[in-house]
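J.: The structure under discussion is supplied below as structure tokens; questions concerning it will follow.
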Amino acid sequence: MKKKISYNYNKIEAKWQQRWLKDKIYSPDFLVSNNKFYNLYMFPYPSAEGLHAGHAFSSTGSDVFGRFMRMKGKKVFQPMGYDSFGIHPENYAIKTGEQPQTMLSRTIPHFTEQFKSLGHGYDWSKSLTTSDLNYYKWTQWLFVEMFKAGLAYRKKMEVNFCPSCKTVLADEQVMTPAQAGKDPKKIDGSPVENPEETKVCERCGTVVEKRDLEQWLFRITDYADRLLKGLSKINWPEKIKTAQKNWIGKKEGINITYSIKKANKTITVWTSRPDTNFGATFIVVAPEYVQKNLVRLISSDRSKKVEEYIKSSLNRSKDDRMSEGREKTGVFTGLFAINQLNGNKMPIWVSDFVLMDVGTGAVVGVPGHDKRDFAFAKKFDLPVVRVVMGSDHDKSDITRISQVQEEEGIMVNSEFLNGLDIHEATIKMMDYLERNGWGKRVTSYHLRDWLISRQRYWGPPIPMIYCESCAKSKRSYFTEMTSLPAEATVEVDRSNDWDHFGWYPEENLPVELPEIEDYKPEGKGRGPLANHPEFYKVVCPKCKEAARRETDVSDTFLDSSWYFLRYPSVGVSRLPWDVEITRKWLPTDLYFGGAEHAVLHLMYARFVTMVLHDLKYLEFEEPFPKLYAHGLLIKDGSKMSKSRGNVINPDLYIEKFGADALRLYLMFLGPMDATSDFRDTGIEGMKRFVDRLMNTFTLKTTNRDSSEVISKLHKTVKKVTEDLAEFRYNTSIAATMELVNIIREKGSISKLAKEILVKLIAPFAPHLAEEVWVNVLGNSYSIHTSRWPKYDKNAIKEKTIEIVVQVNGKFRGTVVVNANDVKNKDFVIESAKNDKSVAKWLEEKEAKKIVFVPGKIINFVIF
RNA sequence: GCAGGUGUGGCGGAACUGGCAGACGCGUACGGUUCAGAACCGUAUGGACUCUUUGUCCUUGGAGGUUCAAAUCCUCCCAUCUGCACCA
Numbered sequence: 108m109k110k111k112i113s114y115n116y117n118k119i120e121a122k123w124q125q126r127w128l129k130d131k132i133y134s135p136d137f138l139v140s141n142n143k144f145y146n147l148y149m150f151p152y153p154s155a156e157g158l159h160a161g162h163a164f165s166s167t168g169s170d171v172f173g174r175f176m177r178m179k180g181k182k183v184f185q186p187m188g189y190d191s192f193g194i195h196p197e198n199y200a201i202k203t204g205e206q207p208q209t210m211l212s213r214t215i216p217h218f219t220e221q222f223k224s225l226g227h228g229y230d231w232s233k234s235l236t237t238s239d240l241n242y243y244k245w246t247q248w249l250f251v252e253m254f255k256a257g258l259a260y261r262k263k264m265e266v267n268f269c270p271s272c273k274t275v276l277a278d279e280q281v282m283t284p285a286q287a288g289k290d291p292k293k294i295d296g297s298p299v300e301n302p303e304e305t306k307v308c309e310r311c312g313t314v315v316e317k318r319d320l321e322q323w324l325f326r327i328t329d330y331a332d333r334l335l336k337g338l339s340k341i342n343w344p345e346k347i348k349t350a351q352k353n354w355i356g357k358k359e360g361i362n363i364t365y366s367i368k369k370a371n372k373t374i375t376v377w378t379s380r381p382d383t384n385f386g387a388t389f390i391v392v393a394p395e396y397v398q399k400n401l402v403r404l405i406s407s408d409r410s411k412k413v414e415e416y417i418k419s420s421l422n423r424s425k426d427d428r429m430s431e432g433r434e435k436t437g438v439f440t441g442l443f444a445i446n447q448l449n450g451n452k453m454p455i456w457v458s459d460f461v462l463m464d465v466g467t468g469a470v471v472g473v474p475g476h477d478k479r480d481f482a483f484a485k486k487f488d489l490p491v492v493r494v495v496m497g498s499d500h501d502k503s504d505i506t507r508i509s510q511v512q513e514e515e516g517i518m519v520n521s522e523f524l525n526g527l528d529i530h531e532a533t534i535k536m537m538d539y540l541e542r543n544g545w546g547k548r549v550t551s552y553h554l555r556d557w558l559i560s561r562q563r564y565w566g567p568p569i570p571m572i573y574c575e576s577c578a579k580s581k582r583s584y585f586t587e588m589t590s591l592p593a594e595a596t597v598e599v600d601r602s603n604d605w606d607h608f609g610w611y612p613e614e615n616l617p618v619e620l621p622e623i624e625d626y627k628p629e630g631k632g633r634g635p636l637a638n639h640p641e642f643y644k645v646v647c648p649k650c651k652e653a654a655r656r657e658t659d660v661s662d663t664f665l666d667s668s669w670y671f672l673r674y675p676s677v678g679v680s681r682l683p684w685d686v687e688i689t690r691k692w693l694p695t696d697l698y699f700g701g702a703e704h705a706v707l708h709l710m711y712a713r714f715v716t717m718v719l720h721d722l723k724y725l726e727f728e729e730p731f732p733k734l735y736a737h738g739l740l741i742k743d744g745s746k747m748s749k750s751r752g753n754v755i756n757p758d759l760y761i762e763k764f765g766a767d768a769l770r771l772y773l774m775f776l777g778p779m780d781a782t783s784d785f786r787d788t789g790i791e792g793m794k795r796f797v798d799r800l801m802n803t804f805t806l807k808t809t810n811r812d813s814s815e816v817i818s819k820l821h822k823t824v825k826k827v828t829e830d831l832a833e834f835r836y837n838t839s840i841a842a843t844m845e846l847v848n849i850i851r852e853k854g855s856i857s858k859l860a861k862e863i864l865v866k867l868i869a870p871f872a873p874h875l876a877e878e879v880w881v882n883v884l885g886n887s888y889s890i891h892t893s894r895w896p897k898y899d900k901n902a903i904k905e906k907t908i909e910i911v912v913q914v915n916g917k918f919r920g921t922v923v924v925n926a927n928d929v930k931n932k933d934f935v936i937e938s939a940k941n942d943k944s945v946a947k948w949l950e951e952k953e954a955k956k957i958v959f960v961p962g963k964i965i966n967f968v969i970f
């Protein structure tokens, strides 16, 4: 009967956690930068009482890599902090009926305790919390820098509003009822017509409304091209890069200008398919376009009808106007534009399916080549013309044409574009239009400017002051500004400068967020701070008249757009980051996080870094050269959420099975980047492995291992080393299990083998590994700063090799040959032929062909 | 509709540049240990046929194809997940 070691994991784990913290083994020296490894993990928002198993899953994935790197000799910096400002923690505080500050002073320490109990190697001396004054004063500084650089501006725009929660909602909080898991309801109690198409508030399921409000925005669109180009320089998953590419949505097109008949005016449309322009039969403009450009040209007999239409469209929300499958509406303006290509007269219509902020707000109608234009033409009985290029080597367009053909239409054959495919025809047409001065190539983007202001309480107050008297006398901050570096590589568009008359940045940061009782949003289009004159009543820094401080706070994504810059400099008080430390430790070496941040956070952080680079604050412009996107941990087939009641608290499992068993289980579930389901039975199995593993170290120690164990040991070192580098944690653990199984079969193991085995498991089970390393094997503390094992190539080499024998491609047996004979084709063929089970299939026939892959396979083709 | 991903036993998943499909684990069954249970140890475990063994055939969402050889490469479908979407 084997003697079993009694392993009190709770006690042992706590012991080592305290020792690691005391000895600061996870705190690197920031003045030394050679061999540094900045291992960043996406910090959580503490909008719950504590961590759920998903956090445990992803943070362990990050920690395993950090531990591996440390044992590979890197100086690893692995910080942890909290994204504690913003709507999520605020909503949670509202729910618990507390002040956000009170709630966080309870939850953040709990989060920290939980992270510590998982045994992660964080440098807790460099932790940060975005709602700390010491942090957010620099978030405000960042806003001021943006404003000074001309990258922050104000604009009246349509925003989402929940009439029940009385608050403005971010886009990401507006979803279909199915996504929100709610029954849709309207505020006045009337029935909801199309439940699948309506957009509701994530929290209460009320149908959202649209409101026009003044907002602060950042000119991220100025950086669209650089954000796109930068993607080719960074090592990110293709999936995430594609998401960013699509979000930026760069499209090459052309602005074509047509003259308006009987008017000394032109109309400009944007299109990506000018090659179809021979088929243009009408023009459609957005309602806003008419207001801005065409109102005076419209004859009095038509103007009433047009005005009515515009008014009713503008009452509709953008979502409503764009709702899928909605029947086209529109009104003829009485105006005509002339198509220079063929002299055709094109009636100008107004319709709400055309958006002012896409392209020029005017679209050329080519119903023979565009589904939407076709629907419009059918509805209002406009002619349909198809352009045939006399070529059939572009299938997709031919299909589109023939679909329309079934209905009706005139066909024109374009000799001009004869024989060209879409791409060639587009280029030829663009060249032609530009040569004649009718068009100008323009690149368009899907990316919109970043809406930075929130009419909420829990965020950094936007550090701006508005002075009415300065605004009246048109005093702009920019007219007297000199601090923008002359070398900034981005050309700043100042066309919106008039917006800034009377606005000044705060000179004395921070603008402290006052603690107020009435912090809940009222939904009047203003933040709760707007009810606090003691906050907003200030003196104008310019003219010393009474002025008003901005009462909006900034978006939580601004807090998280620069936190990685702060970590190494936590404790530095006069600067957001120390120049020397930053030069040594940034950019990050690995960013480990969830794919749900593919566009928002990751795009914003890249943008902010590029701006700071242009402002000469940083030497690099990509903050995350390597990104790993982990998968999702689900429970019973669906995402863990409080409303579903399937949230797993890791504490219970740590208590019952130990942190090491939980870590191993989470990493063994499946590939790190896949969606995995948490199951209780699985972790019980892992606890059995942990116990078996412990017992392996107390097996009889021999002087020499059997050749089988030696070979397997070195193979496992090779496999685990390679797999860890590629985040293949599940197969690393499986390989280690195989090794343990073989050792246990043998019943004894050398001390050296024990040391190698415990090192292999150390990144996954750091406490067990330390305990074994120090107290069972008697080595000096700590295993986590010891060197990763190397394997011996010679030990892996097999003396004999098994070669698969196939006949006609089917497995018919194996032959074992000496390693020296592996490349000897004739010898292997003879051995195979002599094998009984193979010979049966060869039937003494002569092989037509023999495929020989040395060391792997021999295939007789006899057919 | 567009873009990207995924599909392998009862389950989670292995399979490096095409070379013995199902590693490792869970679950299940039987046996051992036990007063009994838990835990532990051992054996078996894709399906069908044969059945004393040896063994044969089928099998990686479906249908074709390339190849001596396909889970892997190509074409077309199907299912499913995630973004974006009347974006001109």
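In short: position in the first sequence from 1, add 107, done, that's my numbering. Glycine included, each C-beta is placed from N, C-alpha and C at the ideal position.
#1: Nearest to residue 896 by CA position, among 821, 848, 946 and 916, is which residue?
#2: If you follow the alpha helix (DSSP H) that residue 837 is part of, which residue opens it and which one closes it?
#3: Report yes or no: do the stretch 554–565 and the stretch 653–667 share at least 3 C-beta pairs separated by less than 8 Å?
#4: Tell me which same chain residues have a C-beta within less than 8 Å of the C-beta of residue 701, skipping the five on either side of it?
#5: Could you give the distance in angstroms between the alpha-carbon of residue 501 and the alpha-carbon of residue 529?
#6: Would you check if the stretch 352–368 and the stretch 540–552 touch, i.e. whether three or more CB-CB distances between them fall below 8 Å?
#7: Cβ atoms of residue 753 and residue 743: under 8 Å apart, would you say?
#8: In three-state DSSP terms, what is residue 322?
#9: Check for me: the alpha helix (DSSP H) holding residue 174 runs from which residue to which?
#10: Below 8 Å on the Cβ atoms is my contact criterion, and I expect residue 355 with residue 444 to pass it. Report the Cβ-Cβ distance as a whole number of Å.
#11: Per DSSP, which one or two residues make a beta bridge with residue 145?
#12: Provide the residue span of the alpha helix (DSSP H) that contains residue 934, from first to last.
#13: Just how far apart, CA to CA, sit residue 855 and residue 929?
#14: Looking only at its chain, what residues have a beta carbon closer than 7 Å to the beta carbon of residue 273, apart from the 5 residues adjacent to it on each side?
#15: Counting pairs of Cβ atoms below 8 Å between the stretch 605–622 and the stretch 570–577, do you hit three or more?
#16: When DSSP builds the beta bridges, which residues end up paired with residue 375?
#17: From the DSSP output, in three-state form, read off residue 888 for me.
#18: Given a threshold of 16 other Cβ atoms within 10 Å of its Cβ, counted over all protein chains shown, does residue 811 qualify as buried or as exposed?
#19: Quick check: the Cα distance between residue 265 and residue 697, rounded to an integer number of angstroms?
#20: I need the straight-line Cα distance from residue 595 to residue 643, nearest angstrom please.
#21: If you run the structure through DSSP and keep just helix, strand and coil, what is residue 966?
#22: Note down, one range per segment and in chain order, each alpha helix (DSSP H) of at least 4 residues found wholly within the stretch 684–741.
#23: Please classify residue 662: does DSSP put it in a helix, a strand, or coil?
#24: Rounded to a whole number of angstroms, what is the C-alpha to C-alpha distance between residue 504 and residue 476?
#25: Considering residue 533, what are the terminal residues of the alpha helix (DSSP H) in which it resides?
#26: At a cut of 8 Å, does the stretch 434–448 reach the stretch 394–405 through at least three beta carbon pairs?
#27: On the three-state DSSP scale, how would you describe residue 436?
#28: Roughly how far, in whole angstroms, is the beta-carbon of residue 457 from the beta-carbon of residue 392, given that I think they are within contact range, below 8 Å?
#29: Taking the C-alpha atoms as reference points, what is the distance between residue 419 and residue 428?
#30: So, residue 160 versus residue 747, is the Cβ gap smaller than 8 Å?
#31: Assess contact between the stretch 799–808 and the stretch 185–194, defined as three or more Cβ pairs (one per stretch) separated by less than 8 Å. Is contact present?
#32: What are the residues that DSSP puts in a beta bridge with residue 445?
#33: Residue 705 and residue 350 look like a contact to me (Cβ under 8 Å); what is the Cβ gap, rounded to whole Å?
#34: As an exercise, report each continuous alpha helix (DSSP H) stretch of at least 4 residues that is fully enclosed by the stretch 769–818, in chain order.
#35: Within 10 angstroms of its Cβ, does residue 593 collect 16 or more other Cβ (buried), or is it exposed?
#36: State the Cα-Cα distance for the pair residue 125 and residue 883, rounded to the nearest angstrom.
T.: Reading off the structure:
#1: 821
#2: 836–853
#3: yes
#4: 149, 165, 736, 737 and 739
#5: For residue 501, the predicted model reports a pLDDT of 46, less than 50, meaning its position is unreliable; a value from the coordinates is still stated below. Roughly 7 Å between the two C-alpha positions.
#6: yes
#7: yes
#8: strand
#9: 160–178
#10: Not a contact, Cβ separation roughly 31 Å.
#11: 184
#12: 932–941
#13: 33 Å
#14: 628, 629 and 630
#15: yes
#16: 364
#17: coil
#18: exposed
#19: 38 Å
#20: With a pLDDT of 48 at residue 595, under the threshold of 50, the modelled position of this residue cannot be trusted, and the question is left open.
#21: strand
#22: 686–692 and 707–721
#23: coil
#24: Unreliable placement is indicated for residue 504, whose pLDDT of 47 sits below 50; the coordinate value is still reported in the next sentence. For residue 504 and residue 476, the distance between alpha carbons rounds to 8 Å.
#25: 529–542
#26: yes
#27: coil
#28: 5 Å
#29: 11 Å
#30: yes
#31: no
#32: 366 and 452
#33: 4 Å
#34: 787–804
#35: For residue 593, the predicted structure reports a pLDDT of 49, less than 50, and the residue's modelled location is therefore unreliable. The matter cannot be settled from this model.
#36: 19 Å
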